[in-house]
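The structure appears right after this line, and notes come after that.
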Amino acid sequence: MRLADTTPVIVPVIAARYLLPHEVGVTAVRQHPAVLAGPVITAVAGLTAAAIVAPAISSGHGALYVAVWIAALLLLCRTVLKVMSWWSSYFVATSYRIMMITGIFNRRVALIPFSLVNDFSYDRSPVGRRLGFGEFLVRYGARDQVLQRVQYIPYPEQLYQEIRQKALGYAEAAAPDDEPAGDERAVDEQGT
Numbered sequence: 006m007r008l009a010d011t012t013p014v015i016v017p018v019i020a021a022r023y024l025l026p027h028e029v030g031v032t033a034v035r036q037h038p039a040v041l042a043g044p045v046i047t048a049v050a051g052l053t054a055a056a057i058v059a060p061a062i063s064s065g066h067g068a069l070y071v072a073v074w075i076a077a078l079l080l081l082c083r084t085v086l087k088v089m090s091w092w093s094s095y096f097v098a099t100s101y102r103i104m105m106i107t108g109i110f111n112r113r114v115a116l117i118p119f120s121l122v123n124d125f126s127y128d129r130s131p132v133g134r135r136l137g138f139g140e141f142l143v144r145y146g147a148r149d150q151v152l153q154r155v156q157y158i159p160y161p162e163q164l165y166q167e168i169r170q171k172a173l174g175y176a177e178a179a180a181p182d183d184e185p186a187g188d189e190r191a192v193d194e195q196g197t
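Using the numbering used here, the letters of the sequence shown map in sequence onto residues 6 to 197.
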């Protein structure tokens with residue numbers, strides 16, 4: 006686990022344009038490079054298959070030869086686009102909300118204000134523990150309890166602690182604490 010950094014967060018320019026003037030950046034990270042494993046493996050397999058199959062095609066099937074290489078190049082172009090998308094996408098947590106900024110040509114900004122968040126946790130698979138990534142699980146909304154998954158987050162323990170401490174600390178400090186929590190209510194009813 007990486008040690009917590011106490012320096013102020015410098016939000017990337019791509020993400021800074023979506024911040025409100027009074028927001029304080031808590032963290033801004035790209036997804037873990039493991040998100041690119043599928044496209045890279047597919048492109049390598051496609052190029053390998055094309056290199057093996059293309060020489061075996063007889064000279065009378067020129068259109069098939071070209072089609073094999075076009076398919077392999079399309080897989081390579083798809084991988085390049087995925088890498089560009091990964092490079093320009095960020096997970097950003099501020100003092101008021103969390104955002105996932107994605108897309109190259111068509112920018113998409115998904116955000117959830119902390120005032121609506123009911124539960125914020127993280128999960129790590131065995132592969133994620135080994136490679137250093139996890140996913141955040143965010144439950145929000147009044148009735149529907151929508152579950153949002155933010156996958157391939159690097160250093161999820163550290164980021165979870167930073168977000169809980171800084172961002173959710175602001176939200177919890179701003180919210181009035183009229184009702185005691187479930188455990189406190191049980192203790193109060195027992196008279197102890």
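Even for Gly, the Cβ is constructed at its ideal location relative to N, Cα and C.
Sequence ranges, beta strand (DSSP E) only - wholly within the segment 68-154, length at least 3: Here the runs fully enclosed are 95-99, 102-107, 113-118, 122-128, 138-145.
Below 8 Å on the Cβ atoms is my guess for residue 23 versus residue 106; work out the distance and round it to an integer in Å.
Position 18 of the sequence shown, counted from the start, is the residue given in the question as residue 23. Position 101 of the sequence shown, counted from the start, is the residue given in the question as residue 106. Cβ-Cβ separation between residue 23 and residue 106: approximately 7 Å, consistent with a contact (criterion under 8 Å).
- With distances taken from CA atoms, which of 164, 100, 118 is nearest residue 35? Indexing the sequence shown from 1 puts residue 35 at position 30. Of the candidates 164, 100, 118, the residue whose Cα lies closest to the Cα of residue 35 is 164.
Give the range of the beta strand (DSSP E) segment to which residue 29 is assigned. For this step, residue 29 is matched to residue 24 along the sequence shown. Per DSSP, residue 29 lies in no beta strand (DSSP E) segment and is marked neither H nor E.
Simplified DSSP state of residue 157, which is helix, strand or coil:
For this step, residue 157 is matched to residue 152 along the sequence shown. In the structure shown, residue 157 sits in a strand (DSSP, three-state: E or B).
Please state the DSSP three-state secondary structure of residue 25.
If you number the sequence shown from 1, residue 25 lands on position 20. Of the three classes helix, strand and coil, the one that applies to residue 25 here is coil, per DSSP.
Quick one: any contact between the segment 130-139 and the segment 110-122, if contact means 3 or more CB pairs under 8 Å?
Two segments are said to touch when three or more pairs of C-beta atoms, one from each, lie closer than 8 Å; by this definition the segment 130-139 does not touch the segment 110-122.
* Looking at the structure shown, is residue 170 part of a helix, part of a strand, or coil, going by DSSP? -> If you number the sequence shown from 1, residue 170 lands on position 165. In this structure, residue 170 counts as helix in the three-state DSSP scheme.
query = Of all the options 28, 17, 16, 20, which has the alpha carbon lying nearest to the alpha carbon of residue 100?
reply = Position 95 of the sequence shown, counted from the start, is the residue given in the question as residue 100. Comparing alpha-carbon positions, the option among 28, 17, 16, 20 lying closest to residue 100 turns out to be 28.
How big is the Cα-Cα spacing for residue 146 and residue 84?
Your numbering for residue 146 matches position 141 in the sequence shown. Your numbering for residue 84 matches position 79 in the sequence shown. So the alpha carbons of these two residues sit roughly 36 Å apart.
Inset, instruction - Please report how far the alpha carbon of residue 162 lies from the alpha carbon of residue 68, in whole angstroms. - result: What you label residue 162 is simply residue 157 of the sequence shown in a count that begins at 1. What you label residue 68 is simply residue 63 of the sequence shown in a count that begins at 1. Those two C-alpha atoms are separated by around 53 Å.
* Asked: Using DSSP with H/G/I as helix, E/B as strand and the rest coil, what is residue 185?
  -> Taking the first residue of the sequence shown as position 1, residue 185 is located at position 180. No answer about residue 185 holds up, because its pLDDT of 42 lies below 50 and its placement is not dependable.
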